[in-house]
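What follows is a short report on a single structure.
In my numbering, the protein residues as written are 27 to 163.
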């Protein structure tokens, strides 16, 4: 009976892994939450279409244009020159860089064309336009 009882001076020779597993699970949940939060980007009112396919791919970069004409790259505000240099860096790292363009339905068409022109000059061919399925909220 007294085989499991240790005196105060004897060290324990086994490792309790429960706290390590608790920490690993907490870190995993935090990582999942942070990863999904970074994908959301800037909220805009997308135009509606009848057929909208999912364009999500790994390493997809999102360019967002708000109703007032502000341009965001992955939820960070940029001007056209910053957009050009940052996309060029991403393009050098990944030659088949997929990009999605998410613009507010009331955004200026000229701003959308400027962003598409930047992508064309950088030879980015995988460009998707984000829309909302008609009737979906």
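Heads up, the beta-carbon is just placed ideally off N, CA and C, and yes, glycines get one too.
CA nearest to the CA of residue 121, picked from 138, 101 and 87: 87
Residue 90 beta carbon less than 7 Å from that of residue 137: no
C-beta atoms of residue 113 and residue 142 nearer than 7 Å: no
The alpha helix (DSSP H) enclosing residue 123, as first and last residue numbers: Looking at the DSSP string, residue 123 is not in any alpha helix (DSSP H), and its letter there is neither H nor E.
Backbone CA spacing between residue 101 and residue 85 [nearest angstrom]: 15 Å
Close Cβ partners of residue 104 (< 6 Å) along its chain, the five nearest in sequence each way excluded: 97
Presumed contact (8 Å Cβ cut-off) between residue 109 and residue 144, rounded CB distance: 6 Å
Spatial neighbours of residue 44 in its chain, beta-carbon cut-off 6 Å, leaving aside the 5 residues before and after: none
Separation of residue 58 from residue 52, as counted between CA atoms: 10 Å
Residue from 133, 146 and 54 with nearest C-alpha to residue 124: 146
Spatial distance of residue 151 from residue 116 (CA atoms): 13 Å
For residue 96, three-class secondary structure by DSSP: coil
Endpoints, the alpha helix (DSSP H) within which residue 145 is located: 135-147
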